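Quick note: the sequence shown uses the numbering used here, first residue 658, plus one each step. Heads up, the beta-carbon is just placed ideally off N, CA and C, and yes, glycines get one too. Model, not experiment: these values are computed from the prediction.
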Amino acid sequence: MISEKHIETERLILRPWHEDDAPALYKYASDPDVGTSAGWPPHTSVEFSREVIRTVFSAPATFAVVLKDTGEPVGCCGLVPDEALHSEYIKHPDAEIGYWIGKPYWGQGLIPEAVKAIMSYARRVLGKKNMWIAFYEANRKSRRVAEKCGFAYHHAEQSGPDRELFYIDTDM
658 MISEKHIETE RLILRPWHED DAPALYKYAS DPDVGTSAGW PPHTSVEFSR EVIRTVFSAP
718 ATFAVVLKDT GEPVGCCGLV PDEALHSEYI KHPDAEIGYW IGKPYWGQGL IPEAVKAIMS
778 YARRVLGKKN MWIAFYEANR KSRRVAEKCG FAYHHAEQSG PDRELFYIDT DM
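Structure representation (structure tokens):
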């Protein structure tokens, strides 16, 4: 089920972040293995997580990944805002998908499930055409998510010292 602010899959609800999600966000985003692989520092406090919700996660098409069984937000998935796109190759009406999930949920297929739902939302609701996913070369888990969602390698480009971003696209 897809609506403007609520996407439901078999195991997940994707919904906007709320400030009262800050303790759950901190629980997972404070793990150095989570943020570092995505290019952001671990969260240092619940208040820091609350500020991320107010600023970064308040962007349109940015969703908390919530487990249906528990109602707990355990990750994030959505479209990268136009001003934060990671490559000159990504142009309107294309979209870049970003995602992460708490370490206890790695390897359970939850993020591919969320990404596929975001792809459908982007196409049906927002009229997006090509989808892109960018990740650091060392982030093999993100590469696997992209492959599971039907993306194919496009190119790599330098994004800083010792970092390459891989772009994957699919024509919807």
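Rounding to the nearest angstrom, what Cα-Cα distance links residue i and residue j in this structure?
i, j, result
"R801", "V723", "21 Å"
"E911", "T666", "The question about residue 911 has no answer, for the chain in this structure spans 658 to 829."
"G728", "L669", "9 Å"
"G755", "T701", "22 Å"
"F705", "V691", "16 Å"
"A779", "P717", "11 Å"
"H812", "V737", "19 Å"
"E708", "A803", "29 Å"
"M829", "F808", "Legend: pLDDT at M829 = 47, less than 50; position of this residue unreliable, value from coordinates given subsequently. Looking at the two C-alpha atoms, the distance is approximately 10 Å."
So residue i and residue j are in contact, right, with Cβ under 8 Å, and what is the actual spacing, rounded?
i, j, result
"D739", "K786", "That pair is no contact at about 14 Å."
"Y762", "V731", "5 Å"
"G759", "Y685", "3 Å"
Give me the DSSP bridge partner(s) of residue i.
i, result
"P730", "V723"
"E665", "I670"
"L736", "I754"
Residue range of the alpha helix (DSSP H) that residue i falls in?
i, result
"A771", "767–781"
"G692", "689–695"
"T712", "703–712"
"A716", "From DSSP, A716 is part of no alpha helix (DSSP H); its letter is neither H nor E."
"K684", "679–686"
So the beta strand (DSSP E) residue i belongs to, where does it begin and stop?
i, result
"I758", "752–758"
"R672", "669–672"
Mind listing, in chain order, the continuous alpha helix (DSSP H) runs of no fewer than 4 residues lying wholly within the stretch 790–816? The alpha helix (DSSP H) runs lying completely inside the stretch 790–816 and spanning 4 residues or more are 797–805, given in chain order.
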